[in-house]
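In the working numbering, the protein residues as written are 5 to 274.
Okay, structure first, notes after.
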Amino acid sequence: MSPDDGLSLCTWNVNSLKVRFEQLKSLLVSQCWDVVCLQETKMTDDRFPYEALRELGYQAFHCGQPTYNGVAVLARLDRFETMALIHDHLPNREDPQQRFLAVRLDTLAVACAYVPNGQTVDSDKYRYKLQWLDNLIAYLKEQRFSEQDFALLGDFNIAPQDCDVHDPALWHEQVLCSSEERRRFAKLLELGFSDAYRVLKPATVQYTWWDYRQLAFQKNRGLRIDHVLLSQSLMQKLNACEIHRQARKAEKASDHAPVSVYIARPKLHQ
DNA sequence: ATGGCCCGTAGAACGGGA
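Here it is as structure tokens:
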């Protein structure tokens, strides 16, 4: 596919951009995605590699903090005339954790989310996760993103259905799979967005995350928790959605695989 | 057997991830 045929977007939880930067560079060079959303950069803004990315042809917004969280959106300089910040946090909640970034690329709106993990369903972190998701849902509704060319990409930390889980019985009502979390994911779809992967592949079982322990990747004991949600105007032009499982095989791999979508290029310049 | 691995901050273990 030549670059002019469509628009590609990718999401990847890098689990430390410092450790994963060489892998990211290789992927950018080989895949040439137009937009890339990153989660868990685990660095402050002053350490974010803006210059190195620019040399690779990408401009970027990043909001980070020491040690934990941190999200970024990268966009190819030669594919968009403008890149503007919409929000670098959910404006309807006070939150020191850097988990959200929304930008506008010409007329295309893109949001990058790192949904809290939740730890266990009886923990304060789980309650924080559910509240965070409620804030995200309210925000997306307020912004009327469902009526626009809009993509929400990220690590949702939710496996939407049992077919997204290697062992549904083991994970039954556990964090990432609980009914309360899945209800929030369903509410996101009810706003008018679609799970790009699941719409294109209704019966395919494939995961985006595998535990580092117990040879989970080699045994393909994983979960599908990284997602691309698209507004209806983009869904109409959706050509493909791919989980880049190969990246999980690398030396010093992230525990998450990148997920990308390919859409016929919308009219961004009007 | 209830942890195994990986990361950042440490400058030894520990919190966090999922």
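For glycine and all other residues, C-beta sits at the position ideal for the given N, C-alpha and C.
In the three-state scheme derived from DSSP, where H, G and I count as helix and E and B as strand, tyrosine 54 is classed as helix.
No Cβ-Cβ contact shorter than 8 Å links isoleucine 267 with leucine 195. Inside the stretch 161-218, DSSP marks whole beta strand (DSSP E) runs of 3 or more residues at positions 197-199, from first to last along the chain. Here the stretch 83-102 does not lie against the stretch 165-174, with fewer than 3 beta-carbon pairs under 8 Å apart.
About 10 Å separates the Cβ atoms of tryptophan 213 and arginine 225, ruling out a contact at the 8 Å cut-off.
Counting along the chain, the unbroken alpha helix (DSSP H) around aspartate 128 starts and ends at 128-146. If you look at glutamate 246, you'll find it in the beta strand (DSSP E) that goes 242-247. Three or more beta-carbon pairs separated by less than 8 Å are not found between the stretch 237-251 and the stretch 175-195, which leaves the two stretches without contact.
By the Cβ-count criterion, glutamine 218 is exposed, with fewer than 16 other Cβ atoms from all chains shown falling within 10 Å of its own Cβ. With fewer than 16 other beta carbons inside 10 angstroms of its own, valine 33 counts as exposed. The criterion of a C-beta distance shorter than 8 Å is satisfied by glutamate 44 and valine 18.
Straight through space, the alpha carbons of tryptophan 37 and serine 12 are spaced by roughly 5 Å.
Of all alpha-carbon atoms in Thr124, Arg83, Phe160, the one lying nearest the alpha-carbon of aspartate 138 is that of Phe160.
Bounds of the alpha helix (DSSP H) holding leucine 238 are 236-239.
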